[in-house]
DNA sequence: CGTTGCATTGAATCTCGTCAATTCGGGTGG
DNA sequence: CCACCCGAATTGACGAGATTCAATGCAACG
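Protein chains in written order, with the numbering used here: chain G, 1 to 247; chain X, 1001 to 1247.
Printed below as a string of structure tokens:
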């Protein structure tokens, strides 16, 4: 059983404000927006507002009514499912451009919390649904993102069920690195904004095992740790092989 | 490391034949077809053919080109991902009404094999895509099924990462039971057509641990085994509590 | 009636989780 | 500026629990 970091309920530090500037948005090529024709780029603006979150702040909780959908524009979130006794599984880390609300349920089945300070675009669900009907490209884009999310979730099943701790960590680091590249950051050194507890809950391990796995990868010369939250990937092919991934 | 059952490559026992009878189909209320208006029910027939599979027969393999989509009408399939060294994770068991091809990739990322004798409707992917464009309801229905699949996959993450073997087995049995009910069968006794190896690869365990968990649930009076493939659920609330699921 | 494949059970092993101590780094206040 | 404190991460020792290895049981089939 592990102690969770103090959760800050949503409206405490959150701010919402109308904002019309999609033009200079850094994630528009990867986000939902990417599906829209040039003349449509503005349609989301009409129903959109902006949210900011402080680290560890809760965006929504398991069981909350889902009234809004979101696109993360900066920062990182974690999506998690918890059992009554406190065991927690992190279903994924949300990086800029990702959309929250793909599974489309009425009530949230997972919680979303900020890992780092976050900035999001927020859309009311009913309006979003209306826009989807009116704009086929938006609808198709969301469908496409849902399919990708399904592929990713299924890939994680193999990881959780059949990989060893070292293999899990290798895969985790490579996945984060790929996402960093997608977001225009270098593949290495890699920032690990989340805590060891988060990583453990993502990989289905304990923080101690995660820490030992970091040490194991270091010993094998695959990575180096500047500090606990900054990894240098020294041997990417080696890491890839360990992770059991295709070259 | 575990030995796999002998795989039979696809065209060996498979048969394909044109068939026009959706009218008396037993799964049309749960399958893709459920999204179609009465006058549209026939549209799929025009591009459809029928496939039958013998137990353990391979429908497609990881890496195969995805040329067809399917709806299972009877029997059971397993979807699995394997590592080069033979470790395998079963992503899910496919029951009647389920659709194969939701994630929409060009190349299959998982294998599909028959657990029992199966009967499927088969659709060429290009024609299916064309139909989706022409029939919004079909498209929406597939989107809806994709969302459900995403929810299920995410639920399985918690199971694989954080549940104990007994809890995993309890959840597995309850899930199967629920699906049996959806397909018009009694909630108990429950048929387990798959092998212990399949169950182990689904739950991220070994066959021995699966077997011991069955024994543990028996000892606690939660279930009874007529034989290895037929379970009587004696204490559903008890099982539900053990699985950590809401009542 | 022997063979074969699968499931169960037992015993030994080992990995990972638990508990506990130590280190490290960042922030605060004197 | 430094001492102190606190939370997080690392490391070590130990033990529980799952895997591995091995033996037995059981049912289907030729």
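Where is the CB? At the ideal position from N, CA and C, for every residue including glycine. A quick note: this is a predicted structure, and the numbers were derived from the prediction, not measured.
Not one beta carbon of chain X lies nearer than 8 angstroms to the beta carbon of residue 134 of chain G.
In the pairwise beta carbon analysis, the stretch 1174-1191 of chain X is classified as not touching the stretch 156-175 of chain G: fewer than three pairs are separated by under 8 angstroms. DSSP places residue 152 of chain G inside the alpha helix (DSSP H), whose first and last residues are 136-162. Here the alpha carbons of residue 1041 of chain X and residue 204 of chain G stand approximately 45 angstroms from one another.
DSSP places residue 227 of chain G in the strand class (E or B) of the three-state scheme.
Taken through DSSP and simplified to helix, strand or coil, residue 1211 of chain X comes out as helix. DSSP places residue 47 of chain G outside any beta strand (DSSP E), giving it a letter other than H or E. Closer than 8 angstroms to the CB of residue 105 of chain G there is at least one CB belonging to chain X. With a threshold of 8 angstroms between beta carbons, residue 156 of chain G makes contact with chain X. Around the beta-carbon of residue 229 of chain G, fewer than 16 other beta-carbon atoms lie within 10 Å, marking it exposed. What residue 1087 of chain X touches in chain G, judged by beta-carbon distance under 7 angstroms, is 162, going in chain order. Under the three-state reduction of DSSP output, residue 1080 of chain X falls in the strand class. The residue among G:145, G:226, G:90, G:149 with its C-alpha nearest the C-alpha of residue 79 of chain G is G:90. For residue 122 of chain G, the closest alpha carbon among the candidates G:47, G:43, G:139 is that of G:47. For residue 92 of chain G, there is no enclosing alpha helix (DSSP H); the enclosing beta strand (DSSP E) covers residues 88-94. From the listed residues X:1038, X:1028, X:1117, the smallest Cα separation to residue 1194 of chain X is found for X:1117. Around residue 204 of chain G, the beta-carbon contacts reaching into chain X at under 8 angstroms are 1160, 1161, 1162.
Among the residues facing chain X, residue 102 of chain G is included, as its CB has a counterpart in that chain under 8 angstroms away. Identification of chain X residues near residue 146 of chain G by a Cβ-Cβ cut-off of 8 angstroms yields 1143, 1146, 1147, 1150, ordered along the chain. Distance check between residue 1070 of chain X and each of X:1246, X:1113, X:1241 places X:1113 closest, using alpha-carbon atoms only.
Taking C-beta atoms as the reference points, residue 157 of chain G and residue 1166 of chain X fail to come closer than 8 angstroms.
Among the residues of the stretch 199-233 of chain G, those with a Cβ less than 9 angstroms away from any Cβ of chain X are 201, 202, 203, 204, 205, in the order of the chain.
Assigned with DSSP and collapsed to three states, residue 1181 of chain X falls in helix. Within chain G, no residue has its beta carbon less than 8 angstroms from that of residue 1195 of chain X; the closest one is some 17 angstroms off.
Here residue 169 of chain G is near residue 213 of chain G, since their CB atoms are less than 8 angstroms apart. For residue 1073 of chain X, the enclosing beta strand (DSSP E) covers residues 1068-1074.
Sequence-distant partners of residue 1092 of chain X (beyond 5 residues in either direction) whose C-beta falls short of 6 angstroms from its own C-beta, in its chain, are 1079.
Using a Cβ-Cβ cut-off of 8 angstroms, residue 65 of chain G is close to nothing in chain X; its nearest Cβ partner there is about 16 angstroms away. Neighbours of residue 244 of chain G in chain X, taken as residues at a C-beta separation under 9 angstroms, are given in chain order as 1083, 1084, 1085, 1087.
For residue 119 of chain G, the closest alpha carbon among the candidates G:97, G:66, G:239, G:206 is that of G:97. The residue among X:1191, X:1219, X:1056, X:1180 with its C-alpha nearest the C-alpha of residue 1030 of chain X is X:1180. As far as DSSP is concerned, residue 22 of chain G takes part in no beta bridge.
In the three-state scheme derived from DSSP, where H, G and I count as helix and E and B as strand, residue 1038 of chain X is classed as helix. Residue contact check for residue 1110 of chain X against chain G: a CB pair falls below 8 angstroms. In the DSSP assignment, residue 122 of chain G is bridged to G:49, G:70. When DSSP states are grouped into helix, strand and coil, residue 131 of chain G belongs to the helix group.
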